[in-house]
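Below: one structure, written as structure tokens.
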Amino acid sequence: MSTSKAIRNGALAALGLAALVLPASAEHRGGDGYSRGGGSGGVVLHSDTRFSGESLRVNGEVADLADLRFNDRVSSISIRSGVWEVCVDANFRGRCELIDADASRLSDYRLNDNISSLRPAGYGGGYGGGYGGGYGHGGGRGADLVLFRDNGLSGNAVEIGSDVPNLADYRFNDTASSFLVSRGTWLACVDPDFRGRCEILTSGSGDLKGLRLNDNISSVRRYDSRYDRGNGYGRDWH
Numbered sequence: 011m012s013t014s015k016a017i018r019n020g021a022l023a024a025l026g027l028a029a030l031v032l033p034a035s036a037e038h039r040g041g042d043g044y045s046r047g048g049g050s051g052g053v054v055l056h057s058d059t060r061f062s063g064e065s066l067r068v069n070g071e072v073a074d075l076a077d078l079r080f081n082d083r084v085s086s087i088s089i090r091s092g093v094w095e096v097c098v099d100a101n102f103r104g105r106c107e108l109i110d111a112d113a114s115r116l117s118d119y120r121l122n123d124n125i126s127s128l129r130p131a132g133y134g135g136g137y138g139g140g141y142g143g144g145y146g147h148g149g150g151r152g153a154d155l156v157l158f159r160d161n162g163l164s165g166n167a168v169e170i171g172s173d174v175p176n177l178a179d180y181r182f183n184d185t186a187s188s189f190l191v192s193r194g195t196w197l198a199c200v201d202p203d204f205r206g207r208c209e210i211l212t213s214g215s216g217d218l219k220g221l222r223l224n225d226n227i228s229s230v231r232r233y234d235s236r237y238d239r240g241n242g243y244g245r246d247w248h
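In terms of this note's numbering, the sequence shown has 152 at position 142, counting the first letter as 1, and numbering is strictly consecutive.
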């Protein structure tokens, strides 16, 4: 076999191995922090702070970053879409955190070089270190709205992707203490069928006590400015 042919065959074998290592949900390259292949969704993991160093783009769940040679190597994260659950152990175990915005220094989360698995928030019903009770309503991979039983995005959770006239149908009436909004703007109301006092929940997360809604939500729906503009919050909606 000629030297040039041996080199060509070796290169093809290396490409074949790379195809086996990298799943369809991830693309890998170093340097500028952007993956090959274009696209704007998912999340990009960076080996150095301030979105620098080698990078890995992920568009779906990765149960073990060791498979991609990126275990315990992430120092910053660029969020391209959605909210992501990152965990210190493989298979989404150990301490987990929800990240919904770019994080230039994961040391702020006590996660620098300490991430082994990640997935879109709501994937499989798990939140914050194994919380979540298997509830679900229009949720799936990255629910638009998630209500949690306890403060701090903890406890059992219900995933919501469409209007819910009565949370009692999902055994979650007067149960929620915190929330996470990843898409859209929502109205949370103290009575079924979107009646009684309602408050706006916008993008982000927080505890419901400050809105006087702790354990006091019976229905939720999307906010529609065409119909809701001008309505006064803090009074009854009928």
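C-beta: ideal position from N, C-alpha, C; glycine also.
Nearest residue (CA-CA) to residue i, options the options
i	options	result
C208	G214, G216, W196 and S215	W196
N69	S91, A76 and D82	S91
R79	S86, S65, E71 and R193	S65
E71	A131, Y119 and S215	A131
D225	D234, A111, S188 and S86	S188
R115	L177, Y233 and T59	T59
D203	G220, A178 and A76	A178
R159	L190, V174, D173 and P175	L190
Straight-line Cα distance separating residue j from residue i
i	j	result
E95	F61	18 angstroms
V53	A186	28 angstroms
G63	H56	6 angstroms
V200	L121	37 angstroms
G143	I170	With a pLDDT of 37 at G143, under the threshold of 50, the predicted position of this residue should be treated as unreliable, though the coordinate-derived value follows. Going by the C-alpha atoms only, they are around 14 angstroms apart.
T212	S88	21 angstroms
G104	Y119	14 angstroms
D234	V174	15 angstroms
Simplified DSSP state of residue i, which is helix, strand or coil
i	result
A113	strand
P202	helix
G118	The residue you asked about is not Gly; residue 118 is Asp in the sequence shown. Helix at D118.
L163	coil
L218	coil
S188	strand
F102	helix
S62	strand
Buried versus exposed, by CB contacts within 10 Å (16 or more), residue i
i	result
G165	buried
S228	buried
R231	buried
A198	buried
S85	buried
I10	Since the displayed the chain opens at 11 and closes at 248, residue 10 lies outside it and no answer follows.
D82	exposed
A167	buried
> Are the segment 97-106 and the segment 119-126 touching, with three or more C-beta to C-beta distances below 8 angstroms?
Replying inline: yes
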